[in-house]
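Chemist:
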DNA sequence: ATGACATTCTTGT
DNA sequence: ACAAGAATGTCAT
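In my numbering, the protein residues as written are 425 to 719.
Have a look at this one:
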C-alpha cells in the first residue's frame, strides 16, 4: 500500500552498489563479531557464499582496504591509537592549514545554526527537499533547504520509509517534497573525496539546541582518521561532567557523516552506539581508513 | 569481566 | 514542572 511512497529513484548502477553493500555489510558484521579470532578470507567468503578472490576484489574496491586490513582498522588497538595521538585537535584553527597535502584533507563545510525562533517552530515554514542516493554505506537520505544541507540519514534498501519518518519527526512542521535532482549533487559531493575541496565548501544548516550545536561544532573539528572520546568532547565544550549528555547530543545529530559523529568513541577506544547501526559506524571508520591509505 | 549508579541534557506528558 | 531515557564513565565486586 505504501508503494507510492517508496521513491522510484534508484538507478540501475546504484542498485548493484546497494547489493554490494549488503554483502560488504554482512562481512563487516562477521568481522566485528569475531575479530578476536582473526577470521581468514576463506571463512569470510564462505559466510556469504562467495569465492575468496571475488570477495577480496569486491571488498577492496569498496573500501580501498583488503578484508584483513579492514579487520585491523576496526580493532580496539587501532581506535586507541586514534585517541592516543595527542595533537591539540580542537585548539588549532582547523579551517586554515589543511589545504596542504593533496587529498589528505577533510570535507570542508560552512555551517550556520538556525535562529532560536526558527528552531522553536520545529521547522515551520521550512521547505525541505529530499532524495535517496546510493552511497558506500547503503542508501543515504539527503535533505536540503535553500540554505544548505539540513539532514543526512542512512538506511538499507527497503528501509526508506522508516528513515524518512525518523528525519521528519525532528522537524514535524516543515513541508516535505521529494526532489532527487536537487539532492543528487549534494550526495555526489559528500561521498566522493575527490570533491572535497576548500574552494567548494558544503553549506550546512545546523538545527538544534545551543548545547547540541556546540557539540556538533566540536565534532566538525575532528579531522578524518582521528577520534575523540565522549568525555574529551565534554571537556572541550566546557562541560567536563556531562559526557553522557554529549552522547545524547551526538546521537541527535541530524547530518550524520558530514558532522562526523562516527568519530566519537568510548574512552577505551571501543566503538559504542550509532543511531544508524553500529555496523555502519564500523563501515564508515573502515572506509575512512581506506581513503587515508590511498594517499 | 560484570554490574550498579552517578550526572547532565532533552523530550514528552 | 516532572520523569524517563540516552551513542558514557567510574568504581566496586
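For each residue, glycine too, the CB sits at the ideal point set by N, CA and C.
Jot down the residue ranges of each uninterrupted alpha helix (DSSP H) in the segment 528 to 611, minimum 4 residues, whole runs only, in chain order.
Modeler: 540 to 544, 584 to 592
Chemist: With distances taken between CB atoms, is the gap from residue 538 to residue 455 smaller than 8 Å?
Modeler: no
Chemist: At 4 residues or longer, what runs of the alpha helix (DSSP H) sit wholly inside the segment 637 to 689?
Modeler: 654 to 660, 667 to 675
Chemist: Take every Cβ of the segment 620 to 640, pair it with every Cβ of the segment 532 to 546, and state whether three or more of those distances are shorter than 8 Å.
Modeler: yes
Chemist: Indicate the three-state DSSP secondary structure (helix, strand or coil) for residue 472 in the structure shown.
Modeler: Residue state, collapsed to three classes: coil.
Chemist: With 16 as the cutoff for other CB atoms within 10 Å, does residue 656 come out buried or exposed?
Modeler: Buried: at least 16 other Cβ atoms inside 10 Å.
Chemist: Please classify residue 457 as buried or exposed, where buried requires at least 16 neighbouring CB atoms within 10 angstroms.
Modeler: Classified as exposed, residue 457 has fewer than 16 neighbouring CB atoms from the shown chains inside 10 Å of its CB.
Chemist: Could you compute how far the alpha carbon of residue 620 sits from the alpha carbon of residue 716?
Modeler: 13 Å
Chemist: Are at least three pairs of beta-carbons, each pair with one atom in the segment 593 to 612 and one in the segment 544 to 554, less than 8 Å apart?
Modeler: Yes, since at least three Cβ pairs between the segment 593 to 612 and the segment 544 to 554 fall closer than 8 Å, the two stretches touch.
Chemist: Note down the Cα distance separating residue 468 from residue 562, rounded to an integer number of angstroms.
Modeler: 20 Å
Chemist: What would DSSP say about residue 626, mapped onto helix, strand or coil?
Modeler: In the structure shown, residue 626 sits in a strand (DSSP, three-state: E or B).
Chemist: So, under 8 Å CB-CB, residue 591 and residue 565 are touching, yes? Tell me the CB distance rounded to an integer number of Å.
Modeler: 6 Å
Chemist: What is the DSSP secondary structure of residue 456, counted as helix, strand or coil?
Modeler: helix
Chemist: Tell me the residue span of the alpha helix (DSSP H) that contains residue 492.
Modeler: 491 to 497
Chemist: Take every Cβ of the segment 601 to 615, pair it with every Cβ of the segment 704 to 713, and state whether three or more of those distances are shorter than 8 Å.
Modeler: No, the segment 601 to 615 is not in contact with the segment 704 to 713.
Chemist: Counting C-beta neighbours from all protein chains within 10 Å, is the total for residue 705 16 or more, i.e. buried, or is it exposed?
Modeler: buried
Chemist: Spatial neighbours of residue 694 within its chain, please: CB distance less than 8 Å, with the 5 preceding and 5 following residues excluded, ordered by chain position.
Modeler: Excluding residues within five positions, the ones whose Cβ falls inside 8 Å are 500, 503.
Chemist: Specify whether the segment 684 to 692 and the segment 642 to 657 touch according to this definition: at least 3 beta carbon pairs, one from each stretch, less than 8 Å apart.
Modeler: yes
Chemist: Is it buried or exposed for residue 633, if we count other Cβ within 10 angstroms and need 16 for buried?
Modeler: exposed
Chemist: With DSSP as the reference, label residue 695 as helix, strand or coil.
Modeler: In the structure shown, residue 695 sits in coil (DSSP, three-state: anything other than H, G, I, E or B).
Chemist: Identify, in the order they occur along the chain, each residue of the same chain with its Cβ nearer than 6 Å to the Cβ of residue 670, setting aside the five sequence neighbours on each side.
Modeler: 639, 654, 657, 658
Chemist: Please state whether DSSP places residue 411 in a helix, a strand or coil.
Modeler: Outside the displayed range of the chain (425 to 719) lies residue 411, so it cannot be described from this structure.
Chemist: Got a sec? Which residues, its chain only, sit under 7 Å from residue 569 by beta carbon, not counting five neighbours each side?
Modeler: Here the set comprises 550, 551, 552, 629.
Chemist: Around the Cβ of residue 477, are there at least 16 other Cβ atoms within 10 angstroms (buried) or fewer (exposed)?
Modeler: exposed
Chemist: Would you report the Cα separation of residue 692 and residue 698, rounded to the nearest angstrom?
Modeler: 16 Å
Chemist: Sort 682, 647, 635, 678 by Cα distance to residue 662 and report the nearest one.
Modeler: Among 682, 647, 635, 678, the Cα nearest to that of residue 662 is on 635.
Chemist: How big is the Cα-Cα spacing for residue 490 and residue 484?
Modeler: In a straight line, the C-alpha of residue 490 is about 5 Å away from that of residue 484.
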